[in-house]
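Protein chains in written order, with this note's numbering: chain A, 79 to 236; chain B, 971 to 1316.
The beta-carbon is built from N, C-alpha and C at its ideal position, and this holds for glycine as well.
Just so we're clear, the structure is a prediction, and the values are computed from it rather than from any experiment.
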């Protein structure tokens, strides 16, 4: 932009200079047409010079920086959305299990582990608490049926 | 009691994750705060409040501009008296008139050009804070492609426009005013042509940026919106194919996140729109009042004074118009962009 400003100022300066010289010499005489020609050539060179020297290497990096920023912000939005969804899915799945446990009169702590990629389905469940074999089987069957989490992925402690 | 505790635990578990996703609009600059209502509001109410505040500030701005215009009318009357002196050289009258008019107008023009430049910088800085929030909110709503392309377009055009204004239009406005004054003083045709050329370049650089931006937004809005809508549809199909209970949990979670992201995006967008308008409206009122008063003064002065000083007043009003155009263009680019972000996934 600085270059554009300098360019316009140089065009204006050259034009004003040529206009003054031409008006001083006047319109008559043998020098006047020659001076007009020289002025025209000088102005033309000043006008077209930047177009000949134009280089556009920096523009790619400039656009790339905006593209990288856009990807970063967009990704951060997607991540926060995914985090929120993971939280909701986990808590809802845990609520289902806790509800079932409550109906069996069992007090357990539940932690559901989800898959690492979309669509974040429950893949493992950690259960902590003292449970009778009957209640454990009931709850285990419920988890296997409802969430498709096999018994090998149900980790019981306590 | 045991069940109640269990219920509270479940509710707490349900509440926590939604808070994890928060999008808040950046606070408007202190000068813009006086135009914003303290209470939460809809866009219409907010806009009405801004207009009320702006109207209350219009009267002092007009009074300030009227003082300058009164001086100009006084100068014109003196020039008119000078012209009526027998054997008075009209070139001298014109030169004296031009110098007097330029002396009065340069000071106010200088402060308004600076105000315009600062407004453009403020708008651009606010845009730099608001756009990432809007981008993340739209991406959270499933519009990753739309948000990225909107961000690239807006941030790039905003940066380019801000750079054009600060490094090119503002210095050229001073060159333009100098050429207007010189052209008026010596009535040189070449200077007038240069003046017109500079005005043309400034006007077209703003118009060109706005045209390209509008074109870009229109095209990317259609293309990326369709891509995001298809992606959301595909994700919904994948969820519906899951185990019934798991499927319903996934579907509920997606819906909850989409709805909450949409709500947050809209509230951020509305505040952003109001903040942008409130940053722009103060300088618009000041410059607009000056522009209007100079137009009226030029019309009044043309009745009883020479051509050159009147033309100079018109040229200065043209410069005010240019300041209005440059602040208006930056404001419009941000407003269009925020509205497109709010529209979100097509």
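Can you grab the Cα-Cα spacing for the pair residue 1244 of chain B / residue 138 of chain A, in whole Å?
The residue you call residue 1244 of chain B lines up with position 274 of the second chain. The residue you call residue 138 of chain A lines up with position 60 of the first chain. If I take the Cα positions, the gap works out to 34 Å.
Going along chain B, which residues have a C-beta under 8 Å from residue 148 of chain A?
By one-based count along the first chain, residue 148 of chain A stands at place 70. Those are 1105, 1117, 1118, 1119, 1121, 1122, 1125, listed as they occur along chain B.
Taking the Cβ atom as the reference point for each residue, do residue 165 of chain A and residue 1107 of chain B lie within a distance shorter than 8 Å?
Residue 165 of chain A sits at position 87 when you count from the first residue of the first chain. Residue 1107 of chain B sits at position 137 when you count from the first residue of the second chain. Taking 8 Å as the Cβ cut-off, residue 165 of chain A and residue 1107 of chain B do not qualify as a contacting pair.
Take residue 197 of chain A and list the residues in its own chain whose beta-carbon comes closer than 7 Å to its own, dropping the five residues that flank it on each side.
If you number the first chain from 1, residue 197 of chain A lands on position 119. In the same chain as residue 197 of chain A, and ignoring 5 residues on each side of it, no C-beta atom comes closer than 7 Å to its own.
Can you find a C-beta in chain B that's less than 8 Å from the C-beta of residue 193 of chain A?
As a position in the first chain, residue 193 of chain A is number 115, starting the count at 1. By this cut-off, residue 193 of chain A is not an interface position.
Residue 1304 of chain B CB to nearest heavy atom of the ligand GTP below 7 Å:
Within the structure as shown, the ligand GTP is missing, as the structure has no ligands at all.
Taking buried to mean at least 16 other C-beta atoms within 10 Å of its own C-beta, is residue 95 of chain A buried or exposed?
Position 17 of the first chain, counted from the start, is the residue given in the question as residue 95 of chain A. Exposed, because fewer than 16 other Cβ atoms sit within 10 Å of the Cβ of residue 95 of chain A.
For a cutoff of 8 Å on Cβ pairs, would you count residue 111 of chain A as touching chain B?
Taking the first residue of the first chain as 1, we reach residue 111 of chain A at position 33. It does not: the Cβ of residue 111 of chain A has no partner Cβ on chain B nearer than 8 Å.
Given 8 Å as the limit, is there contact between the region 1023-1033 of chain B and the region 1251-1265 of chain B, that is, 3 or more CB pairs closer than that?
Result yes; three or more Cβ-Cβ pairs closer than 8 Å.
Only counting the same chain, and skipping five residues up and downstream in sequence, which positions put a Cβ closer than 8 Å to that of residue 176 of chain A?
Your numbering for residue 176 of chain A matches position 98 in the first chain. The beta carbon of residue 176 of chain A is closer than 8 Å to those of 186, 188 in its chain, skipping five residues each way along the sequence.
For residue 1127 of chain B and residue 1193 of chain B, believed in contact at Cβ under 8 Å, the rounded distance:
Stepping through the second chain from its first residue, residue 1193 of chain B is reached at position 223. Stepping through the second chain from its first residue, residue 1127 of chain B is reached at position 157. Actually they are not in contact, since the Cβ atoms of residue 1193 of chain B and residue 1127 of chain B sit about 18 Å apart, beyond 8 Å.
Residue 1043 of chain B, enclosing alpha helix (DSSP H) - first and last residue:
Along the second chain, one-based indexing puts residue 1043 of chain B at 73. Segment 1013-1053, the alpha helix (DSSP H) holding residue 1043 of chain B.
Counting only beta-carbon separations shorter than 8 Å, does residue 1238 of chain B have a partner in chain A?
Taking the second chain and counting its residues from 1, the one referred to as residue 1238 of chain B is at position 268. No, no contact with chain A.
Do we get a CB-CB distance below 8 Å when we pair residue 95 of chain A with the residues of chain B?
On the first chain, residue 95 of chain A is found 17 positions in, with the first residue counted as 1. Chain B, which has no Cβ nearer than 8 Å to the Cβ of residue 95 of chain A, makes this no.
Which residues, in chain order, does the region 1014-1029 of chain B contribute to contact with chain A at a C-beta distance below 7 Å?
The residues in question: there are none.
Three-state secondary structure (DSSP) of residue 205 of chain A
On the first chain, position 127 is the one that residue 205 of chain A refers to. Annotated three-state conformation of residue 205 of chain A is strand, per DSSP.
DSSP state of residue 999 of chain B mapped onto helix, strand, coil:
Position 29 of the second chain, counted from the first residue, corresponds to residue 999 of chain B. In this structure, residue 999 of chain B counts as coil in the three-state DSSP scheme.
Please list, in chain order, all residues of the same chain as residue 1169 of chain B whose beta carbon is under 7 Å from its beta carbon, the five residues on each side excluded.
Indexing the second chain from 1 puts residue 1169 of chain B at position 199. For residue 1169 of chain B, same chain residues with a beta-carbon under 7 Å away, outside a window of 5 residues either side, are 1146, 1288 in chain order.
Using the beta-carbon count (16 or more within 10 Å), is residue 985 of chain B buried or exposed?
In the second chain, the residue the question calls residue 985 of chain B occupies position 15. Confidence at residue 985 of chain B is low in this model, with a pLDDT of 41, below 50, so its placement is unreliable and the value that follows should be read with caution. Result: exposed.
Quick check on residue 182 of chain A: does DSSP put it in helix, strand or coil?
Looking up residue 182 of chain A in the first chain gives position 104. DSSP, reduced to helix, strand and coil, places residue 182 of chain A outside both helices and strands of the structure shown, so it counts as coil.
Going by the CB atoms, is the gap between residue 1062 of chain B and residue 1296 of chain B shorter than 8 Å?
Here residue 1296 of chain B refers to the residue found at position 326 of the second chain. Here residue 1062 of chain B refers to the residue found at position 92 of the second chain. For residue 1296 of chain B and residue 1062 of chain B, no; Cβs fall outside 8 Å.
Run of the beta strand (DSSP E) containing residue 235 of chain A, from where it starts to where it stops
Taking the first residue of the first chain as position 1, residue 235 of chain A is located at position 157. DSSP places residue 235 of chain A in the uninterrupted beta strand (DSSP E) bounded by 232-235.
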